[in-house]
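Please read the structure below before turning to the comments.
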Amino acid sequence: MTMIGWLQIILFCAIIVALTKPLGWYMTRVFNGERTFLSPVLRPIEAGIYWFSGVEERREQHWLTYTVSMLLFHVGGFLIIYGVMRLQAVLPFNPAGQGAVAQDLSFNTAISFITNTNWQNYGGESTVSYLVQMLGLTHQNFLSAATGIALAVAMIRGFSRASMRTVGNFWVDVTRTTLYVLLPICVVYTLFLVWQGMPQTLGDYVEATTLEGAKQTIAVGPVASQVAIKMLGTNGGGFFNANAAHPFENPTALSNLVQMLSIFLIGAAMTNVFGRMVGNQRQGWAIFAVMGVLYIAGVSITYWAEANGTSIMHALGLTGGNMEGKEVRFGIVASSLFAVVTTAASCGAVNAMHDSFTALGGMIPLINMQLGEVIIGGVGAGLYGMLLFVVLAIFVAGLMVGRTPEYVGKKIEAREVKMAMLAILVLPLMYLGWTAVSVVYPAAVASMANAGPHGFTEVLYAFTSATGNNGSAFAGLTGNTLFYNLTLASAMFVGRFFMIVPAMAIAGSLAAKKSIPPSAGTFPTTGGLFVGLVVGVILIIGGLTFFPALALGPIVEQLAMNAGNVF
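Just so we're aligned: 1071 in the numbering used here is position 302 of the sequence shown, and the numbers increase by one with no gaps anywhere.
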C-alpha cells in the first residue's frame, strides 16, 4: 500500500460526497414534478409521451397497480430482447454477420437485462450485432435503471406521505427519470468517453495487419453510448467480452475514475432525495453514513490484500503486490477500488479479473453482494434494499427499549417487518440453493474449470451475482450451457422481482398510515447510534447467509465425492 494509493481512494470518496447533495436536489425536483433548468426543452417531449401513450399524468396508482404496471413493462422488455436476438441474422446493422442467438442464451440474456443484472454468458463482439447492442441491450439499460429509481421513489413516498392510498404513477416516474436524469447525463458522458478514445461508430469491424504480417479483425461499434448508461445505470454489461478491462471500453486512467464515479453517483444521490422528501436531510445523510462505513471497510481490506499479495508469491520472490489479472494501466489500487465499487453497487462491470484476486481480495466483492448490495447499491435498488434493513433495525431497537418502533414518523409494525424479512431471505435461498444443486449435478460440475474450494467459490459467486442482480463473474465457470442459462435466469428473476414486490407492499402500507410526531421516547435516527445499529443488523443478517455458505463448501464437496463427482 502506498500514500498515492490511499489518496486515490480519498479523492474518489470526496468527489462522491461533493456530488451527492446537488444531484439529490435536482432529482427531488424532477420526482416532485417541479420545474428544472431542462424543463423548457424536455417538458414538451414529456407531455407528448403522455399524450401518445394515453397516460394521465396526475392520476396516481395504488402500490399494487404500480407494481403490476412495472411487471407488465418488463414483459415487453423481455420480448424485445429475446426477439431481436433470435432474429439477429435477418436484421440490419450486423456487419460481422452474426447468426441467430441460441434459445437458452437468448432467454438468459433477456432476463439478465430486464432485471438490471447484465450477466453475460457470451462475448459481445463475437455474438451479437450492433442492432442487438443498441435496440436490445442499451435500450434496456436505460429502462431497467429508470425502473429501479422509480421504485425507490415510490418507497420514499410511502415514508413521506400520510393517510394516502397511492405511491405515484409508474409510467410518469419512469418517463421523468429517463428524460431528466439518465439521458442528459449520458449525452455528456458519451461525448467525454469518445474524447477519451472510445469507439462510437456503425462502421464495419476494422481489418489490421500486425507487425508479424498477420491479419487481425478489430471489433468496434457504438461502444461509448452503451458504456455511459451501463455505468451510470449500474447495469454493467460489456460491449466487449473483457468489459471495462478492454481498452476500447476503458481507455485511460481518467475514464476509469469517471466510470467508477458514475457507478456510485445516482445511488449516493438517492440518499439525499430520501432526506429531502421525508423533510429531514439528516435522515438521508445517516443512511449515506451506513453505506460509507461498510464501503470504507471493504475497500480497505481489498486494497490491503491485493497490495500485500500472498506468502506463496513472496516465497517465489514476487513483490509489489498481486498484479495477476489486472491491467497495468490501472494498477492495484484502481483495480481494487473498481472491484469494491462495482459489487457494492449492483453494477458488475469489471476492470480486473476477480478470479485472480487474493483470497481476501476476492472475498470482499462476494460479501458485498451477499449483504444485499445495499452499500450504495444499484440505482434505486440500493436505497430500497437499505430501507428494508432500516425497517428491521428499527424493529430491533423497539424490542430493546420496549416501545413501538417508529421511523420518520411512521410506526413499523408486524406487516412491514414480515415483508422486509421475506424480501431479504429470498436472496440466500436462491444462491445457496442453486449452488448446492450445481456442485452435485454432473452437467453443472463439468462446467467448472477449477477443483476444490476455488471451483466451489466460482459457482457460489455466479449465483450470488445473479441473485443480487450484479452480473460480474469469478470466471473459470462455463456458463453458456442449458443448465446454467436456465438456473442463472431464475436466480436473476427471483432476486429482482421477489424483492421488489414486498418492498412495494411496505411502501403502500406506510403511505396509508398517519404520521406520528416525534416524542421523548422516539429513537433518534440521525446519529451515530442509529448508524451503528443498522450496520450491525446488516452484518448479522448478511453473516447468517454468508458464513453458512463458507461452511457449506467442505460439506458439499464431501457429498459430491460420495456421489462419484470429482471437483
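In this text, a Cβ means the ideal position worked out from N, Cα and C, and glycines have one as well.
Name the two residues that bound the continuous beta strand (DSSP E) containing isoleucine 987. Sequence index remark: in the sequence shown, residue 987 carries index 218 (1-based). Residues 984 to 987.
Can you give the Cα-Cα distance for alanine 1014 and glycine 1117, rounded to whole angstroms? Sequence index remark: in the sequence shown, residue 1014 carries index 245 (1-based). Sequence index remark: in the sequence shown, residue 1117 carries index 348 (1-based). Answer to the nearest angstrom: the Cα atoms are 12 Å apart.
Alpha-carbon to alpha-carbon, methionine 1188 and alanine 1274: The count along the sequence shown starts at 1 and reaches residue 1274 at position 505. The count along the sequence shown starts at 1 and reaches residue 1188 at position 419. Each residue's alpha carbon lies about 7 Å from the other.
How about valine 714 and glutamine 1052: do their beta carbons lie closer than 8 Å? Any question about residue 714 goes unanswered here, given that the chain covers just 770 to 1336.
Evaluate the contact criterion for the segment 867 to 878 versus the segment 887 to 905: three or more CB pairs, one atom per stretch, below 8 Å. Yes: at least three Cβ pairs fall under 8 Å.
Are at least three pairs of beta-carbons, each pair with one atom in the segment 1214 to 1225 and one in the segment 1087 to 1106, less than 8 Å apart? No, because fewer than three Cβ pairs between the segment 1214 to 1225 and the segment 1087 to 1106 fall closer than 8 Å, the two stretches do not touch.
Tell me the residue span of the alpha helix (DSSP H) that contains glutamate 1390. This structure cannot speak to residue 1390, because the chain is shown only from 770 to 1336.
Cα-Cα, which of Ser994, Val975 and Val992 is closest to glutamine 985? Translated into the one-based positions of the sequence shown, residue 985 becomes position 216. Of the candidates Ser994, Val975 and Val992, the one whose C-alpha sits nearest the C-alpha of glutamine 985 is Val975.
Compute the Euclidean distance between the alpha carbons of valine 1335 and leucine 1246, then round it to the nearest angstrom. Looking up residue 1335 in the sequence shown gives position 566. Looking up residue 1246 in the sequence shown gives position 477. Residue confidence for valine 1335 is low, a pLDDT of 41 falling below 50, so the modelled location carries little weight; the figure read from the coordinates is stated next. Between the alpha carbons of valine 1335 and leucine 1246 lies a distance of about 15 Å.
Supposed close pair arginine 926, alanine 1280 - CB separation, criterion 8 Å: Taking the first residue of the sequence shown as 1, we reach residue 926 at position 157. Taking the first residue of the sequence shown as 1, we reach residue 1280 at position 511. Rounded to the nearest angstrom, the Cβ distance from arginine 926 to alanine 1280 is 6 Å, consistent with a contact under 8 Å.
What does DSSP give as the partner residue(s) for tyrosine 1072 in the beta ladder? Here residue 1072 refers to the residue found at position 303 of the sequence shown. Listed as beta-bridge partners of tyrosine 1072 by DSSP are no residues whatsoever.
Give me whichever residues DSSP pairs with alanine 977 in a beta bridge. For the purposes of this step, residue 977 is taken as residue 208 along the sequence shown, with counting starting at 1. Answer is Gln985, bridged to alanine 977.
I need the straight-line Cα distance from threonine 979 to valine 950, nearest angstrom please. Translated into the one-based positions of the sequence shown, residue 979 becomes position 210. Translated into the one-based positions of the sequence shown, residue 950 becomes position 181. Those two C-alpha atoms are separated by around 43 Å.
Run of the alpha helix (DSSP H) containing asparagine 877, from where it starts to where it stops: What you label residue 877 is simply residue 108 of the sequence shown in a count that begins at 1. Run containing asparagine 877: 872 to 883, per the alpha helix (DSSP H) assignment.
With a Cβ-Cβ cutoff of 8 Å, do serine 898 and glutamine 857 count as a contact? Locating residue 898 in the sequence shown gives position 129, counting from the first residue. Locating residue 857 in the sequence shown gives position 88, counting from the first residue. Against a cut-off of 8 Å, the Cβ pair of glutamine 857 and serine 898 comes out as a contact.
Using only the alpha-carbon positions, how far apart do threonine 1338 and alanine 816 sit? The requested residue 1338 is not part of the displayed model; the chain covers only 770 to 1336.
From the DSSP output, which residues share a beta bridge with lysine 1187? As a working mapping, residue 1187 is identified with position 418 in the sequence shown. In the DSSP output, where bridge partners are listed per residue, lysine 1187 has none listed.
Among the candidates Glu1227, Thr1250, Phe781 and Ala1242, whose CA atom is the shortest distance from the CA of serine 1115? Here residue 1115 refers to the residue found at position 346 when the sequence shown is read from its first residue. Comparing Cα-Cα distances from serine 1115 to each of Glu1227, Thr1250, Phe781 and Ala1242, the minimum goes to Ala1242.
DSSP three-state label for alanine 1274, please. Residue mapping note: residue 1274 aligns to position 505 of the sequence shown, counting from 1. Reduced to three states, the DSSP call for alanine 1274 is helix.
Residues bridged to histidine 831 [DSSP beta-bridge criterion]: By 1-based counting over the sequence shown, the position of residue 831 is 62. Answer is Thr935.
Looking only at its chain, what residues have a beta carbon closer than 6 Å to the beta carbon of glycine 1094, apart from the 5 residues adjacent to it on each side? The sequence position of residue 1094 within the sequence shown is 325, counting from 1. Excluding residues within five positions, the ones whose Cβ falls inside 6 Å are Ala1121, Met1122 and Ser1125.
According to DSSP, is methionine 1217 part of a helix, a strand, or is it coil? Position 448 of the sequence shown holds residue 1217. Strand, per DSSP.
Span separating the alpha-carbon of valine 1102 from that of lysine 999: Here residue 1102 corresponds to residue number 333 of the sequence shown, with the count starting at 1. Here residue 999 corresponds to residue number 230 of the sequence shown, with the count starting at 1. Between valine 1102 and lysine 999, the C-alpha separation is close to 22 Å.
Could you give the residue range of the alpha helix (DSSP H) that holds isoleucine 1145? If you number the sequence shown from 1, residue 1145 lands on position 376. Boundaries cannot be given for isoleucine 1145, as no alpha helix (DSSP H) includes it and DSSP labels it neither H nor E.
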